[in-house]
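Have a look at the structure below, then the notes.
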Amino acid sequence: MNESELDRYSRQLLLPNFDIQGQLNLAQAKILIIGLGGLGNIAATYLATSGVGTLVLADGDQLECSNLPRQVLYAEHQLGLNKVDAAAAQIALKNSAVQIEVIAQKLADNSLLRAVEQADVVLDCTDNFTARKAINRACLLLRKPLVSAAAIRWEGQLVSFLYHQQSTPCYECLYPSLSDQQLSCNESGIVAPVVGLLGVYQALEALKLASGCGKVKHGVLRLFDGFEGSWREIRLSQDPECSACSLENS
Numbered sequence: 001m002n003e004s005e006l007d008r009y010s011r012q013l014l015l016p017n018f019d020i021q022g023q024l025n026l027a028q029a030k031i032l033i034i035g036l037g038g039l040g041n042i043a044a045t046y047l048a049t050s051g052v053g054t055l056v057l058a059d060g061d062q063l064e065c066s067n068l069p070r071q072v073l074y075a076e077h078q079l080g081l082n083k084v085d086a087a088a089a090q091i092a093l094k095n096s097a098v099q100i101e102v103i104a105q106k107l108a109d110n111s112l113l114r115a116v117e118q119a120d121v122v123l124d125c126t127d128n129f130t131a132r133k134a135i136n137r138a139c140l141l142l143r144k145p146l147v148s149a150a151a152i153r154w155e156g157q158l159v160s161f162l163y164h165q166q167s168t169p170c171y172e173c174l175y176p177s178l179s180d181q182q183l184s185c186n187e188s189g190i191v192a193p194v195v196g197l198l199g200v201y202q203a204l205e206a207l208k209l210a211s212g213c214g215k216v217k218h219g220v221l222r223l224f225d226g227f228e229g230s231w232r233e234i235r236l237s238q239d240p241e242c243s244a245c246s247l248e249n250s
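In structure tokens, the structure reads:
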């Protein structure tokens, strides 16, 4: 590390369980963020400013005016741009040393598998169950750690799956059947700070995984009630009828 980097990350380097090695590990990591909406724009910002070596940003949507209350990385003059391009431009202003790769499309099938295979950690920041199911299966197949979050109305949830260490339970054990409409904040609404808080937690989990510092729990669902300001945890177990786990174990 050079003098500028030592100064920039000095507050992280002061942590005895992080130190220079944690920062070096972070600088060598490649993190894939799928979805640059309310969750992904926040997670990407904190990971970039913390010193992640490479961020891969994947999203096929364009920035709309209704996104701005939640997606605070973006600026008004970027309306109409692809979210990944808008995010890359803003992140470059915050930390020019971070390598940014953009995928201006929705990942699926082979493109999803290629992107997941090249990543050290995957963040699912999407807003529909079809995408979440595909991402889970790709991470499970390729043994990549997955950090998944969701937020709707006043509520949010976070769960990490350490597929590089363990294979069960998986995301589909939690949600064997769920419609995309049930996950849509377009219909149900969302309070901006709730989704921001979950994005921050995703960044924290990813930072611990990429740096090798700190504890990340496998298959523990954390539920946040923003209206009451409370958290609760549920330890997941494998669903013996889970179709994703049965594919992995076959």
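All the letters of the sequence shown, read from the start, carry residue numbers 1 to 250 under the UniProt record's numbering.
Beta carbons are placed, not taken as given, at the ideal position from N, Cα and C, and that holds for glycine.
(request) Identify, in the order they occur along the chain, each residue of the same chain with its Cβ nearer than 6 angstroms to the Cβ of L142, setting aside the five sequence neighbours on each side. (result) As a working note, residue 142 is residue 142 in the sequence shown. Correct list, in chain order: V116, E117.
(message) For a quick check, are the C-beta atoms of R70 and V200 less than 7 angstroms apart?
(response) The residue given as residue 70 occupies position 70 in the sequence shown. The residue given as residue 200 occupies position 200 in the sequence shown. No, they are not a contact pair.
(request) Compare the Cα-Cα distances from L36 to each of T45, K83, N17, L55 and report the closest residue. (result) For this step, residue 36 is matched to residue 36 along the sequence shown. Comparing Cα positions, the closest option is K83.
(request) Note down, one range per segment and in chain order, each beta strand (DSSP E) of at least 3 residues found wholly within the segment 69-110. (result) 99-103
(message) Under DSSP, the beta strand (DSSP E) around A151 begins and ends at which residues?
(response) Working through the sequence shown from its first residue, we reach residue 151 at position 151. A151 -> beta strand (DSSP E) spans 146-152.
(message) In whole angstroms, give me the CA-to-CA distance for Q21 and G40.
(response) Taking the sequence shown and counting its residues from 1, the one referred to as residue 21 is at position 21. Taking the sequence shown and counting its residues from 1, the one referred to as residue 40 is at position 40. Going by the C-alpha atoms only, they are around 26 angstroms apart.
(request) Within the segment 154-229, note down every full alpha helix (DSSP H) run reaching 4 residues or more, in order along the chain. (result) 171-174, 185-188, 192-211
(request) Would you kindly work out how many angstroms separate the C-alpha atoms of residue 323 and S237, rounded to a whole number? (result) Because residue 323 is not part of the residues shown, which for the chain are 1 to 250, the question remains open.
(message) Going residue by residue through the segment 109-147, where are the continuous beta strand (DSSP E) segments of at least 3 residues, counting only ones entirely within it?
(response) 121-124
(request) Using the Cα positions of E101 and A29, report the straight-line distance between them to the nearest angstrom. (result) The count along the sequence shown starts at 1 and reaches residue 101 at position 101. The count along the sequence shown starts at 1 and reaches residue 29 at position 29. Roughly 13 angstroms separates the two Cα atoms.
(message) I'd like the list of long-range same chain contacts for V52, defined as Cβ closer than 7 angstroms, with 5 residues on each side in sequence excluded.
(response) What you label residue 52 is simply residue 52 of the sequence shown in a count that begins at 1. So the list reads L26, A29, I31, V98, A210, once near-sequence residues are dropped.
(message) My output table needs one value for residue 266: the three-state DSSP class, helix, strand or coil.
(response) The displayed coordinates of the chain run from 1 to 250. Any statement about residue 266 would go beyond what the structure contains.
(message) Quick check: what's the CA-CA separation for S177 versus S246?
(response) Translated into positions along the sequence shown, residue 177 becomes position 177. Translated into positions along the sequence shown, residue 246 becomes position 246. About 16 angstroms.
(request) Compute the Euclidean distance between the alpha carbons of V159 and V216, then round it to the nearest angstrom. (result) Numbered from 1 along the sequence shown, position 159 holds the residue referred to as residue 159. Numbered from 1 along the sequence shown, position 216 holds the residue referred to as residue 216. Rounded to whole angstroms, V159 to V216 spans 10 angstroms at the Cα level.
(message) Buried or exposed, going by whether 16 or more other CB atoms sit within 10 Å of the CB of S148?
(response) Numbered from its first residue, the sequence shown carries residue 148 at position 148. Its Cβ being crowded by 16 or more others within 10 Å, S148 is buried.
(message) Given a cut-off of 7 angstroms on the beta-carbon distance, is the pair L63 and A88 in contact?
(response) For this step, residue 63 is matched to residue 63 along the sequence shown. For this step, residue 88 is matched to residue 88 along the sequence shown. Taking 7 angstroms as the Cβ cut-off, L63 and A88 do not qualify as a contacting pair.
(message) Give me the DSSP bridge partner(s) of L32.
(response) The residue labelled residue 32 in the question sits at position 32 within the sequence shown. Per DSSP, V56, V122.
(message) Here's the rule: buried if 16 or more other CB atoms are within 10 angstroms of the residue's CB, otherwise exposed. What is F227?
(response) Against the sequence shown, residue 227 aligns to sequence position 227. With fewer than 16 other Cβ atoms within 10 Å, it is exposed.
(request) Kindly indicate the opening and closing residues of the alpha helix (DSSP H) around Y46. (result) Position 46 of the sequence shown, counted from the first residue, corresponds to residue 46. Unbroken alpha helix (DSSP H) run through Y46: 38-50.
(message) Suppose contacts are defined by Cβ-Cβ distances below 7 angstroms. Is L123 in contact with A58 by that definition?
(response) Residue 123 sits at position 123 when you count from the first residue of the sequence shown. Residue 58 sits at position 58 when you count from the first residue of the sequence shown. No; because the gap between Cβ atoms is not below 7 angstroms, this pair is not in contact.
(request) Closer than 8 angstroms by C-beta to K94: which residues in its own chain qualify, once you throw out the five before and the five after it? Chain order, please. (result) Along the sequence shown, read from residue 1 onward, the residue named residue 94 stands at position 94. Taken in chain order, the residues that qualify are T45, A48, T49.
(request) Give me the Cα-Cα distance between G156 and W231, rounded to the nearest whole angstrom. (result) Here residue 156 corresponds to residue number 156 of the sequence shown, with the count starting at 1. Here residue 231 corresponds to residue number 231 of the sequence shown, with the count starting at 1. Going by the C-alpha atoms only, they are around 10 angstroms apart.
(message) Please state the DSSP three-state secondary structure of Q62.
(response) Counting from one through the sequence shown, the residue named residue 62 turns up at place 62. In the structure shown, Q62 sits in a strand (DSSP, three-state: E or B).
(message) Rounded to the nearest angstrom, what separates L162 and L81 at their Cα positions?
(response) As a working mapping, residue 162 is identified with position 162 in the sequence shown. As a working mapping, residue 81 is identified with position 81 in the sequence shown. Looking at the two C-alpha atoms, the distance is approximately 34 angstroms.
(message) Looking only at its chain, what residues have a beta carbon closer than 7 angstroms to the beta carbon of H164, apart from the 5 residues adjacent to it on each side?
(response) Stepping through the sequence shown from its first residue, residue 164 is reached at position 164. Same-chain partners within the cutoff: R143, K144, P145.
(request) Using only alpha-carbon positions, find the residue among L107, L140, L197, A108 that is nearest to V72. (result) To locate residue 72, count along the sequence shown from 1; it is residue 72. Ranking L107, L140, L197, A108 by Cα distance to V72 puts L197 first.
(message) Which same chain residues end up closer than 8 angstroms to P193 when comparing Cβ atoms and leaving out the 5 residues on each side of it in sequence?
(response) Mapped onto the sequence shown, residue 193 falls at position 193. Same-chain partners within the cutoff: G226.
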